[in-house]
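Some notes on the structure that comes next.
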Amino acid sequence: MKIFLDTANLESIKKYNDMGLVDGITTNPTLLSREKENPAQIMREIVRIVKGPVSLEVVGTTYDSMMEEAHRLKKYGKNVVVKIPMLPDGMRAVKKLKEEGIETNVTLVFSANQAVIAAKAGASYVSPFIGRLDDAGQDGMTLVREIVQIFSNYKFTTNVLVASVRHPMHVIEAGKIGAHVVTLPPDILGKMMAHPLTDKGLASFLADWEKVKKENPNLSF
Ligand code: E4P
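This note's numbering applies: residue 2 is where the sequence shown begins, and numbers increase by one.
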């Protein structure tokens, strides 16, 4: 399972990239709006820091505007994946971009039918937003299960990228289902690393070692 970070925060990206945990990045206009720096500068910097795929989203909603933005965003780096909203014009753009050798990530997917459409159009990634479905009283993980099964039945090569992840259990469930990628807000990656028994165990190892040092003042190893 690949782990992408769902953020435009450069500090978090550097922190987790240095641990070797970042296979890629997803951003969106809301995530960019939360940062102080200029969005174009942030996007350039992310593409420079992270070696894996970086999804940068278009804000146009017509075929022409999406194509024009896609070409501009692609110039930021080879690893740019153009994020296109699930719209009829968007699917036209996905098809054309695929013909041009440009990878796409179809975003704002809330049904298995939308995922099938995106895959047929030629998307490299399809992003079901599971947390938002959970918020609306539906089961987001059921959608992931349906998409993974349909893609596997027909050997679709489009990657299922689980988005709008809200907690570590979403990651475990997505992994059990066999989703290709999960994209996580940085705090969830932090939570995946932590366990109270790890903290407790380390505190007691260190306390016991202090006793050993007291009993053996000249201890060296
Ligand atoms: C995915 O690519 C999106 O950026 C993201 O996961 C949206 O999640 P949200 O529902 O937390 O805004």
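Glycine residues also receive a C-beta, built at the ideal position from the N, C-alpha and C atoms.
Could you check where the beta strand (DSSP E) with phenylalanine 5 kicks off and where it finishes?
-> 3-7
Might you give, ordered along the chain, the residues of its own chain that have their beta carbon closer than 7 Å to the beta carbon of leucine 193, omitting 5 neighbours on each side?
-> Sequence check: residue 193 is methionine here, not leucine. Cβ neighbours of methionine 193 beyond the five flanking positions: Pro169, Val172.
State the DSSP-derived secondary structure class of leucine 88, mapped to helix, strand or coil.
-> coil
What residue range is occupied by the uninterrupted beta strand (DSSP E) comprising phenylalanine 26?
-> Looking at the sequence provided, one finds isoleucine at residue 26 rather than phenylalanine. Unbroken beta strand (DSSP E) run through isoleucine 26: 25-27.
Threonine 184 - partner residues in DSSP beta bridges = Phe5
Three-way DSSP call (helix, strand, coil) for leucine 220 in this model | coil
Quick one: is serine 56 buried, meaning 16 or more other Cβ sit within 10 Å of its Cβ, or exposed?
-> Label assigned to serine 56: buried.
Alpha carbon of isoleucine 43 to alpha carbon of isoleucine 118, nearest angstrom | Each residue's CA atom was taken as its position, placing isoleucine 43 and isoleucine 118 some 31 Å apart.
Whole-angstrom C-beta distance between leucine 22 and isoleucine 14, which should lie under 8 Å | Between isoleucine 14 and leucine 22 the beta-carbon gap is near 10 Å, outside 8 Å, which marks them as no contact.
Which of helix, strand or coil DSSP assigns to proline 30 = helix
Can you list, in chain order, the residues of its chain whose CB lies under 8 Å from that of aspartate 140, leaving out five sequence neighbours each side?
-> Leu134
For lysine 214, collect the residues of the same chain with a Cβ closer than 8 Å to its Cβ; drop the 5 residues on either side in sequence, then sort them by chain order.
-> Leu220
Just the C-alpha distance for glycine 102 and lysine 76, rounded to the nearest angstrom, thanks.
-> 13 Å
Nearest-angstrom Cβ-Cβ length linking valine 60 and proline 30, presumed shorter than 8 Å = Contact between valine 60 and proline 30 holds: CB atoms are separated by about 6 Å, below the 8 Å threshold.
Please list the segments of the beta strand (DSSP E) lying wholly inside the segment 56-127, counting only runs of 3 or more residues, in order along the chain.
-> Fully enclosed beta strand (DSSP E) runs of no fewer than 3 residues occupy 81-86, 105-110 of the segment 56-127, in order along the chain.
DSSP-derived helix/strand/coil call for asparagine 18 | helix
Identify whether phenylalanine 157 lies in helix, strand or coil by the three-state DSSP scheme.
-> coil
Would the C-beta of arginine 133 count as close to the ligand E4P, meaning under 7 Å from any of its heavy atoms?
-> Yes - the ligand E4P has a heavy atom lying nearer than 7 Å to the Cβ of arginine 133.
Helix, strand or coil at proline 129 [DSSP, three-state] = strand
Going by Cα to Cα distance, which pick from Lys84, Thr63, Val95, Leu144 is closest to threonine 108?
-> Lys84
Cβ-heavy atom distance, leucine 32 to the ligand E4P, below 7 Å | yes
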